[in-house]
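Worksheet: the structure to be examined is printed underneath.
Numbering (my numbering), first residue to last: 126 to 843.
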């Protein structure tokens, strides 16, 4: 008991914070109000039965830790205002515009005083960021900026105290101001990329209407408990995941699942927190609250995916690290070279600062993460969740998509595909037609719980065929069922009910039977009056999905535990290139190995339950039809809807994302190849020099271009 109390107390002590804004601290998990990221535990402690999940953030480094868009915005404007008089009193204004600033007692110290304020107020962000980089042994952009502004400030202070005119205060303050502007723009872009998480966090209502007997009571959402019965009025937001106990309505689930059409809900249906009720009233039993809800799972997966790294991001991080080393080495060499060449200490320091600033791997550090963040949130908005960033990156190279048949390409439930009236028999002098066959069969089967019987009844209801009143219903063991309708005995069953009867079957029955369809016979007083064929219904979405995949140059395969006849029929109907029949769940992974043996990259699409080994074996595992279960461990990508058309969307998004990443990496790396030699003064003999401030402009401009190019991904249609 003592041990259990300790465990519970330890759980209660956990505080949650934002990986980007550590000043945000909460007693419970949730969403950061500043940026929409998932809050993570402050410390790694064991909770009851499981390890606290850091969502991948704990080991990651964040150069903007503790800062948000407004901080950079405020520091930029203050630094800009203070930089104006510094520039007015600089040699730059005299040499370029022939401007002489007014002189008064103490005016010689204006640059020193205001420059020091800008350095410590505006530049402190970069100094603190550099310390974190060095503590993490990951020197990068902040380190370069810190070295640059510290060098420029130290030289400028020395110049003022020594009475020298060649201080670098105007270069220093404009550099800090422009760097703050660049970071402000970057933070705005990143916050915009995470807007989907913000929108999801706003979906839940503030209150819930809980049933208490025949009365209702409005309570805060935090007081809602599992098992509560809540009332959702027309147009209201659903407060928690639950199950409908009473009522009929349609629910808009587009923001949660990407499903564009309202979804019909009635008794027994599952509903998702944050979705919007239609024009009916629903009573729901709460099944999940808080961090266990579907929306919380979506946000957790998105946050984890955003914190995970793709191969390209790992490459860009490594490139940024080496670029930092190259920049410091190049800057030091440049400084020494200009000193030895007699360029003067002030000029040499200026070149050093210019090299360090212009080589900042700002654009390189932003090139991949921003694209990845946008693609992750774009995926969530389109109804599929990226658990592993590597899975999305690999999707562009898929050669074969292997679908599990049942529940993926098909609905996983029986449906009537053919009806044959048997013309040799008539009722009340009228020929039997297909409608009458369904009417009689469904009337008898309405009392049966067999899946085939339910399919026949559903078929009748879809076609508005009324059911007759029956009497003396009974099952026929091993054959079917029977009942009396208007005094006549109607029998429904398989081949056993017509065994021994001399009947000639209508054309097409044998052919449909060969396709693996289930054949059901309808008899009146022992005489055959009609035949029905049933099969696992093929999704219309499957036809479209396979057609699109083929136009993308991707082959399609299918695996199923069904017979060869059924597999051949489904493959033929959908135009599937290759199929595997009679495959048990634990053998599906062997079929994937067979496909992979030829060097092909395989994406496996299954339900995430009995397909787990196959999903793990595949190059990409995609769990389809996850519904409200977003905790499927074996898949790298999870589809919320049972819609195979989302598979081409995944591949398209992967290709778009990769293209944007390559474009950004090319721009970021290419810019440095040209800019660093210019900053070092390689063309100084021709009068071409880049001042630190101009270098900062170019560096910030490259960052803005990379950000804009990444944001264009938002508008791409999947």
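Quick reminder that beta carbons are idealized off the backbone N, C-alpha and C, glycines included.
- In the DSSP assignment, residue 607 falls within the beta strand (DSSP E) that extends over 605-610.
- When the beta-carbon positions are compared, residue 745 and residue 771 stay at least 9 Å from each other.
- Here the alpha carbon of residue 718 sits roughly 23 Å from the alpha carbon of residue 514.
- Residues of the same chain with a CB within less than 6 Å of the CB of residue 520, apart from the 5 flanking positions on each side, are 745, 775, 776 and 779 in chain order.
- Excluding residues up to 5 positions away in sequence, 738 lie with their Cβ nearer than 7 Å to the Cβ of residue 711 in the same chain.
- Every alpha helix (DSSP H) of 4 residues or more that sits fully in the segment 601-667 is shown, in chain order, as 634-639.
- By the neighbour-count definition (other C-beta atoms within 10 Å, threshold 16), residue 249 is an exposed residue.
- Around the beta carbon of residue 265, 16 or more other beta carbons lie within 10 angstroms, which makes this residue buried.
- Distances from the CA of residue 565 to each of 608, 537, 543 and 539 were compared; the closest alpha carbon is that of 608.
- With 16 or more other Cβ atoms inside 10 Å of its own Cβ, residue 419 counts as buried.
- Here residue 592 carries a coil assignment [DSSP, helix/strand/coil].
- In the three-state reduction of the DSSP assignment, residue 224 falls in the coil class, being assigned neither a helical nor a strand state.
- Shown here, residue 351 sits in coil according to DSSP, grouped into three states, outside any helix or strand.
- The beta carbons of residue 208 and residue 238 sit no closer together than 9 Å.
- For residue 361, the secondary structure class from DSSP, reduced to helix, strand or coil, is coil.
- Per DSSP, the unbroken beta strand (DSSP E) holding residue 543 starts and ends at 535-546.
- Judged by DSSP in its simplified three-state form, residue 389 adopts strand.
- Minimum Cα-Cα distance from residue 627 among the listed residues 823, 652 and 373 corresponds to 652.
- In this structure, the straight-line span from the alpha carbon of residue 742 to that of residue 667 is close to 23 Å.
- When the Cα atoms are used, residue 288 and residue 281 turn out to be separated by approximately 10 Å.
- The way I'd put it, the segment 443-457 doesn't touch the segment 385-403; fewer than three beta-carbon pairs between them come closer than 8 Å.
- CA-to-CA, the gap between residue 195 and residue 675 works out to about 48 Å.
- Under DSSP, residue 330 forms no beta bridge with any residue.
- When DSSP reads this structure, residue 341 sits in a beta bridge with 336.
- Residue 377 places its beta carbon less than 9 Å from that of residue 403.
- Checking the DSSP bridge columns, you'll see residue 408 partnered with 356 and 371.
- For the pair residue 400 and residue 329, the Cα-to-Cα distance works out to about 8 Å.
- DSSP places residue 294 within a helical segment (H, G or I) once states are collapsed to three.
- Cβ neighbours of residue 660 within its own chain (closer than 6 Å, five residues either side excluded): 542 and 642.
- Considering only 654, 658, 630 and 764, the residue with the shortest C-alpha distance to residue 640 is 658.
- Contact annotation: residue 693 and residue 526 have beta-carbon atoms that are not nearer than 9 Å.
- Of the residues 794, 763 and 233, the one whose Cα lies closest to the Cα of residue 517 is 763.
- In the same chain as residue 822, and ignoring 5 residues on each side of it, the C-beta atoms closer than 7 Å to its own belong to 303, in chain order.
- Straight through space, the alpha carbons of residue 508 and residue 528 are spaced by roughly 18 Å.
- In the structure shown, the three-state DSSP call for residue 467 is coil.
- When beta bridges are read from the DSSP output, residue 527 appears opposite 682 and 729.
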